[in-house]
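Using our numbering, read the sequence shown as starting at 2 and increasing by one per residue. For each residue, glycine too, the CB sits at the ideal point set by N, CA and C. This report concerns only the one structure given below.
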Amino acid sequence: MIETVHVPLGERAYDVRIGQGLIARAGAEIAPLLSRPRVWIVTEETVAGLHLAALQDGLRAGGVDSAALVLPPGEGTKSWPHLIRVVDWLLDERVERRDMVLAFGGGVIGDLVGFAAAILRRGVRFVQVPTSLLAQVDSSVGGKTGINTGHGKNLVGSFHQPSLVLADIDVLGTLTARDFRAGYGEVAKYGLLGDAGFFDWLEQNGPALAAGDAALRAEAVRRSVQMKADIVVRDETEQGDRALLNLGHTFGHALEAATGYSDRLLHGEGVAIGCALAFELSARLGLCSQEDPSRVRAHLAQMQMKRDLSDIEGELPDADGLLSLMGQDKKVVDGRLRFILARGIGDSFVTADVPGDAVKSVLAEALAMR
Numbered sequence: 002m003i004e005t006v007h008v009p010l011g012e013r014a015y016d017v018r019i020g021q022g023l024i025a026r027a028g029a030e031i032a033p034l035l036s037r038p039r040v041w042i043v044t045e046e047t048v049a050g051l052h053l054a055a056l057q058d059g060l061r062a063g064g065v066d067s068a069a070l071v072l073p074p075g076e077g078t079k080s081w082p083h084l085i086r087v088v089d090w091l092l093d094e095r096v097e098r099r100d101m102v103l104a105f106g107g108g109v110i111g112d113l114v115g116f117a118a119a120i121l122r123r124g125v126r127f128v129q130v131p132t133s134l135l136a137q138v139d140s141s142v143g144g145k146t147g148i149n150t151g152h153g154k155n156l157v158g159s160f161h162q163p164s165l166v167l168a169d170i171d172v173l174g175t176l177t178a179r180d181f182r183a184g185y186g187e188v189a190k191y192g193l194l195g196d197a198g199f200f201d202w203l204e205q206n207g208p209a210l211a212a213g214d215a216a217l218r219a220e221a222v223r224r225s226v227q228m229k230a231d232i233v234v235r236d237e238t239e240q241g242d243r244a245l246l247n248l249g250h251t252f253g254h255a256l257e258a259a260t261g262y263s264d265r266l267l268h269g270e271g272v273a274i275g276c277a278l279a280f281e282l283s284a285r286l287g288l289c290s291q292e293d294p295s296r297v298r299a300h301l302a303q304m305q306m307k308r309d310l311s312d313i314e315g316e317l318p319d320a321d322g323l324l325s326l327m328g329q330d331k332k333v334v335d336g337r338l339r340f341i342l343a344r345g346i347g348d349s350f351v352t353a354d355v356p357g358d359a360v361k362s363v364l365a366e367a368l369a370m371r
C-alpha cells in the first residue's frame, strides 16, 4: 500500500509518497509533472550500483527517458566542487527551467542536488527520491538545500521545495545496519520533540522495525514525515517552530565538525548523541525529570545506537573546543546559541536563555566518561 502525506504550501505544495515498489513505478508517478518526457538523475556510486538501473527501468516503463550523473559517496560530496560539477552537467545537458531533476540518494545527494536545482536558471524543479532512512524521514521533506564549507555544516544553501518525494521503503533493505540506525536517530527525534505517543510506539516497535518489518518501517516514515510537514507548513523558513526540528543538532553538528564530517560519526549518530545531551542539559536545568534522559538513552541502547561521547572513536576537543564549534552553528542569533530543550519527552521548545556554564558542565562530564 502506498500512502500520501500532502505538504500544503500553496503554489509550492507537493505530495510525499511512501510505500513499497515506488522506484518500479517512478515513471507513472513523475510523468504527470513533466513538460517533456525526460528527466536528469543525479546520484552517487553506492546507490547507482544498487538501484540506478531499477530507477531508469521504472521511468522507462512510464514513458520517461533519463540521463544520469554519478558522484562519489560521502559527506565530502556536499561541497563547492561537486555543486559546480552538478550545475555544469545540467547546463551541458541543456536542462530548462520547466524540466525536472531527480535527486536519487541519501541526505547528501538530496541537499546538494536540491541546491543545484535552486540556483540553476534561478530555479529548476526537482523530485526527491530518498534512499536512506534519514533522507526519507527528514532531509527530503521541507525544502532545505545546501552544502557544507570549511566554516561548518549547511551554512550555504536555500529553501527550494521539491515537486514530489518518492520514499520507497524497499530500498531501506539495502542499507547497512549502521546507516539504518543512524537514520533512526532522526525518527526518534520526532517522538522526543513533539509526540510522546510516537516515542512510546517506537519503544514497542523499534527492534522489529530495525529487523526489517516493512509495514512498521512505512508507518515510522509516514508519522515522521507528517510531523515534519505540519511544522514546515507553520514555519517554512525557520523563523520559529521549525527550529524544533533541530533537537539534538546543536550538539550533533559540533560533534560532526569535531570529527571532520567523516565516517567516525554519521549525521544521524550525531543527532542521537545530541538528543541525549539535550535531555541531559534539560534535566540539569530543572526543566524535565532525570528519568527522561535515562529513558532516551535506554531506547538508543535498545536500538544498539551511539548515545554517548564515549561511543565516538578517536580524540575529541575539550568542552571549550566543542562550545567554540557550536558558536558557528546556524542557530546562533545575535551571537547567542539557540538550544532546543525539553520539558519532557514529546515537549520541546526553543530558547536562547541557556547558561554557558551549564552547557560546558554537561560536555565536560560527558567527555570525562570517555
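Worksheet entry | Neighbourhood of ARG224 by C-beta, 6 angstroms cutoff - its chain only, sequence neighbours within 5 removed | The residues are PHE199.
Item to complete: Report, in whole angstroms, the separation of the C-beta atoms of GLY249 and CYS276, which I expect to be a contact under 8 angstroms.
Response: CYS276 and GLY249 do touch by the CB rule: their CB atoms are close to 4 angstroms apart, below 8 angstroms.
Worksheet item: What do you get for MET2, buried or exposed, if any count of 16 or more other CB atoms within 10 angstroms of its CB means buried?
Response: Residue burial annotation: MET2 is exposed, with fewer than 16 other C-beta atoms found within 10 angstroms of its C-beta.
Practice prompt. Quick one: using the 10 Å Cβ neighbour count with 16 as the cut-off for buried, is HIS7 buried or exposed?
Written response: Around the beta-carbon of HIS7, fewer than 16 other beta-carbon atoms lie within 10 Å, marking it exposed.
Worksheet item: Quick one: is PRO356 buried, meaning 16 or more other Cβ sit within 10 Å of its Cβ, or exposed?
Response: Residue environment: PRO356 is assigned as exposed (fewer than 16 neighbouring CB atoms within 10 Å of its CB, all protein chains considered).
Discussion item. By the DSSP assignment, the beta strand (DSSP E) with ASP348 in it spans what residues?
Written reply: Start and end: 348 to 352.
Worksheet entry | Cβ pair THR150, LEU113 closer than 8 angstroms | The answer is no: Cβ separation not under 8 angstroms.
Practice prompt. Can you tell me which of the three DSSP states TYR15 falls into?
Written response: When DSSP states are grouped into helix, strand and coil, TYR15 belongs to the strand group.
Item to complete: Assuming TYR185 and MET306 form a contact by the criterion Cβ under 8 angstroms, report the distance between their Cβ atoms to the nearest whole angstrom.
Response: Yes, TYR185 and MET306 are in contact; Cβ-Cβ is about 7 angstroms, under 8 angstroms.
Practice prompt. State yes or no: is the C-beta of VAL65 within less than 8 angstroms of the C-beta of VAL40?
Written response: Against a cut-off of 8 angstroms, the Cβ pair of VAL40 and VAL65 comes out as a contact.
Item to complete: Can you tell me the Cβ-Cβ gap for LEU167 and SER133, rounded? I've got them flagged as a contact below 8 angstroms.
Response: No, LEU167 and SER133 are not in contact; Cβ-Cβ is about 14 angstroms, not under 8 angstroms.
Worksheet item: How many whole angstroms separate the CB atoms of ILE31 and MET101, which I take to be in contact at a CB cut-off of 8 angstroms?
Response: Cβ-Cβ separation between ILE31 and MET101: approximately 7 angstroms, consistent with a contact (criterion under 8 angstroms).
Item to complete: Would you mind listing the beta strand (DSSP E) stretches within the stretch 48 to 128 that are 3+ residues and don't spill past its ends, in chain order?
Response: Correct list: 66 to 72 and 101 to 106.
Discussion item. Which same chain residues end up closer than 7 angstroms to VAL297 when comparing Cβ atoms and leaving out the 5 residues on each side of it in sequence?
Written reply: The beta carbon of VAL297 lies closer than 7 angstroms to those of LEU193, CYS276, ALA277 and PHE280 in the same chain, with the five residues before and after it left out.
Practice prompt. Throw me the rounded Cβ distance for the ALA104 and VAL88 pair, which I believe falls under 8 angstroms.
Written response: Not quite, the Cβ-Cβ distance comes to about 14 angstroms (not below 8 angstroms), so this is no contact.
Fill in: Beta-carbon proximity list for ALA260, same chain, < 6 angstroms, skipping 5 on both sides
Per the sequence presented here, residue 260 reads as Thr, with Ala not at that position. Within the same chain, Cβ atoms closer than 6 angstroms to the Cβ of THR260 are found at LEU266, the five residues on either side in sequence being excluded.
Worksheet item: What's the C-alpha gap between VAL48 and GLY106?
Response: About 6 angstroms.
Item to complete: State the start and end residues of the unbroken alpha helix (DSSP H) segment that holds THR251.
Response: Unbroken alpha helix (DSSP H) run through THR251: 250 to 259.
Discussion item. Using CA atoms only, rank isn't needed, just tell me which of LEU323, ASP354 and ASP348 is closest to LEU338.
Written reply: Among LEU323, ASP354 and ASP348, the Cα nearest to that of LEU338 is on ASP354.
Worksheet item: Can you tell which of GLY11, ALA27 and ALA119 has the C-alpha that lies nearest to the C-alpha of ARG18?
Response: The option with the nearest alpha carbon to ARG18 is ALA27.
Discussion item. Considering only their Cβ atoms, is the gap separating LYS145 from PHE391 smaller than 8 angstroms?
Written reply: Residue numbering for the chain in the displayed model covers 2 to 371; residue 391 lies beyond these limits and cannot be assessed.
Discussion item. Let's test the definition: count the other Cβ atoms within 10 Å of the Cβ of GLY124 and tell me whether it reaches 16, buried, or not, exposed.
Written reply: Result: exposed.
Worksheet item: If you run the structure through DSSP and keep just helix, strand and coil, what is VAL6?
Response: Note: VAL6 maps to strand in three-state DSSP.
Worksheet item: Within this structure, are the beta carbons of VAL234 and PRO9 separated by less than 8 angstroms?
Response: The answer is yes: Cβ separation under 8 angstroms.
Fill in: Simplified DSSP assignment, three categories, for SER263
Coil, per DSSP.
Worksheet entry | Those residues which DSSP pairs with GLU45 across a bridge | The partner list for GLU45 (beta bridge, DSSP) reads LEU72.
Discussion item. Whole angstroms are fine: how far does the CA of GLY195 sit from the CA of PHE350?
Written reply: Each residue's alpha carbon lies about 9 angstroms from the other.
Item to complete: Taking only runs that begin and end inside the stretch 167 to 203, name each unbroken alpha helix (DSSP H) of 4 or more residues, in chain order.
Response: Fully contained in the stretch 167 to 203 are the following alpha helix (DSSP H) runs of length 4 or more, in chain order: 178 to 195.
Worksheet item: For PRO208, which of helix, strand or coil comes out of DSSP?
Response: Reduced to three states, the DSSP call for PRO208 is helix.
Worksheet item: Does the separation of the CB atoms of GLU76 and VAL43 fall below 8 angstroms?
Response: Their beta carbons are not under 8 angstroms apart, which means GLU76 does not touch VAL43 by this criterion.
Practice prompt. Grab the span of the beta strand (DSSP E) containing LYS154 for me, first residue to last.
Written response: Start and end: 153 to 160.
Discussion item. Within the continuous alpha helix (DSSP H) that includes ALA221, where are the two ends?
Written reply: Counting along the chain, the alpha helix (DSSP H) containing ALA221 begins and ends at 215 to 235.
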